[in-house]
Amino acid sequence: MPYKEKTIEKKYYTIGEVAEQFDVATSLIRFWEGEFDIIKPKKNRKGNRQFTKEDIENVKLIYHLVKEKGFTLQGAKDMLKNDSNEVRDKMEMLDSLRKIRTFLTEIKENI
114 MPYKEKTIEK KYYTIGEVAE QFDVATSLIR FWEGEFDIIK PKKNRKGNRQ
164 FTKEDIENVK LIYHLVKEKG FTLQGAKDML KNDSNEVRDK MEMLDSLRKI
214 RTFLTEIKEN I
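In C-alpha coordinates form, the structure reads like this:
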(Lines of atoms letter the chains of each structure in order from A; the text may use other names.)
(Lines give C-alpha, C1' and ligand atoms only; values in the text may rest on other atoms or scores of the structure.)
Protein backbone atom coordinates (compact mmCIF):
# COMPACT_ATOMS: atom_id res chain seq x y z
CA MET A 114 0.00 0.00 0.00
CA PRO A 115 1.60 3.30 -1.04
CA TYR A 116 2.10 6.01 1.53
CA LYS A 117 -0.05 9.14 1.56
CA GLU A 118 1.76 12.00 -0.13
CA LYS A 119 1.56 15.18 1.90
CA THR A 120 2.85 18.62 1.15
CA ILE A 121 5.68 19.25 3.57
CA GLU A 122 5.38 22.79 4.86
CA LYS A 123 6.22 22.84 8.55
CA LYS A 124 9.71 22.92 10.02
CA TYR A 125 9.09 20.02 12.43
CA TYR A 126 6.61 17.15 12.47
CA THR A 127 5.55 14.89 15.33
CA ILE A 128 6.03 11.16 15.20
CA GLY A 129 2.26 10.81 14.90
CA GLU A 130 2.17 12.99 11.80
CA VAL A 131 5.01 11.02 10.22
CA ALA A 132 3.37 7.69 11.05
CA GLU A 133 0.06 8.90 9.61
CA GLN A 134 1.73 9.98 6.37
CA PHE A 135 3.06 6.45 5.84
CA ASP A 136 0.05 4.68 7.39
CA VAL A 137 2.22 2.85 9.93
CA ALA A 138 2.29 2.71 13.72
CA THR A 139 4.40 5.18 15.68
CA SER A 140 6.16 2.18 17.22
CA LEU A 141 7.44 1.22 13.76
CA ILE A 142 8.91 4.70 13.26
CA ARG A 143 10.62 4.42 16.66
CA PHE A 144 11.90 0.96 15.74
CA TRP A 145 13.30 2.18 12.42
CA GLU A 146 14.92 5.10 14.25
CA GLY A 147 16.84 2.58 16.36
CA GLU A 148 17.72 0.37 13.40
CA PHE A 149 18.73 2.96 10.79
CA ASP A 150 21.33 5.66 11.42
CA ILE A 151 19.82 7.97 8.80
CA ILE A 152 16.72 8.69 10.92
CA LYS A 153 17.81 11.16 13.58
CA PRO A 154 14.92 13.35 14.73
CA LYS A 155 15.67 16.07 17.23
CA LYS A 156 13.97 15.91 20.61
CA ASN A 157 12.44 18.83 22.43
CA ARG A 158 12.72 19.45 26.18
CA LYS A 159 9.91 17.00 26.86
CA GLY A 160 11.69 14.33 24.82
CA ASN A 161 9.19 14.42 21.96
CA ARG A 162 10.66 13.67 18.56
CA GLN A 163 10.72 16.49 16.02
CA PHE A 164 11.12 15.24 12.48
CA THR A 165 12.52 17.55 9.79
CA LYS A 166 11.86 17.31 6.05
CA GLU A 167 15.14 15.42 5.70
CA ASP A 168 14.10 12.93 8.40
CA ILE A 169 10.82 12.35 6.58
CA GLU A 170 12.66 11.78 3.30
CA ASN A 171 14.82 9.19 5.06
CA VAL A 172 11.74 7.47 6.51
CA LYS A 173 10.28 7.53 3.00
CA LEU A 174 13.40 5.83 1.66
CA ILE A 175 13.27 3.10 4.32
CA TYR A 176 9.53 2.67 3.78
CA HIS A 177 10.15 2.22 0.07
CA LEU A 178 12.83 -0.42 0.60
CA VAL A 179 11.11 -2.37 3.39
CA LYS A 180 7.40 -2.02 2.67
CA GLU A 181 7.23 -1.50 -1.08
CA LYS A 182 10.25 -3.46 -2.32
CA GLY A 183 10.11 -6.17 0.37
CA PHE A 184 13.69 -5.89 1.63
CA THR A 185 14.58 -7.31 5.03
CA LEU A 186 15.94 -4.80 7.52
CA GLN A 187 19.46 -6.08 6.91
CA GLY A 188 18.92 -5.95 3.15
CA ALA A 189 17.73 -2.35 3.40
CA LYS A 190 20.73 -1.45 5.57
CA ASP A 191 23.10 -3.04 3.06
CA MET A 192 21.40 -1.24 0.17
CA LEU A 193 21.69 2.10 1.96
CA LYS A 194 25.31 1.44 2.88
CA ASN A 195 26.30 0.51 -0.67
CA ASP A 196 24.66 3.32 -2.61
CA SER A 197 21.93 5.37 -0.99
CA ASN A 198 22.10 8.00 -3.76
CA GLU A 199 21.21 5.42 -6.40
CA VAL A 200 18.32 4.20 -4.26
CA ARG A 201 17.10 7.78 -3.77
CA ASP A 202 17.28 8.45 -7.51
CA LYS A 203 15.26 5.34 -8.30
CA MET A 204 12.72 6.20 -5.62
CA GLU A 205 12.32 9.74 -6.99
CA MET A 206 11.83 8.31 -10.47
CA LEU A 207 9.13 5.96 -9.17
CA ASP A 208 7.41 8.86 -7.41
CA SER A 209 7.41 10.85 -10.64
CA LEU A 210 5.97 7.93 -12.57
CA ARG A 211 3.24 7.44 -9.95
CA LYS A 212 2.27 11.09 -10.19
CA ILE A 213 2.17 10.88 -13.98
CA ARG A 214 0.00 7.74 -13.80
CA THR A 215 -2.40 9.46 -11.39
CA PHE A 216 -2.55 12.50 -13.65
CA LEU A 217 -3.24 10.38 -16.73
CA THR A 218 -5.90 8.38 -14.89
CA GLU A 219 -7.65 11.61 -13.91
CA ILE A 220 -7.56 12.81 -17.52
CA LYS A 221 -8.96 9.49 -18.74
CA GLU A 222 -11.82 9.64 -16.23
CA ASN A 223 -12.72 13.17 -17.31
CA ILE A 224 -12.91 12.33 -21.01
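Numbered per the working numbering, the sequence shown spans residues 114 to 224. Quick reminder that beta carbons are idealized off the backbone N, C-alpha and C, glycines included.
Asked: Classification of Q134 by the beta-carbon crowding that lies within 10 angstroms, buried from 16 upward; Found: buried
Asked: Start-to-end residues for the alpha helix (DSSP H) that takes in V179; Found: No alpha helix (DSSP H) holds V179; DSSP gives it neither H nor E.
Asked: Closest by C-alpha distance to L174, when choosing among K155, W145 and K212; Found: W145
Asked: Under the three-state DSSP convention, the category F149 falls into; Found: coil
Asked: Same chain only: Cβ atoms within 6 Å of I142, ignoring 5 sequence neighbours per side; Found: I128, V131 and A132
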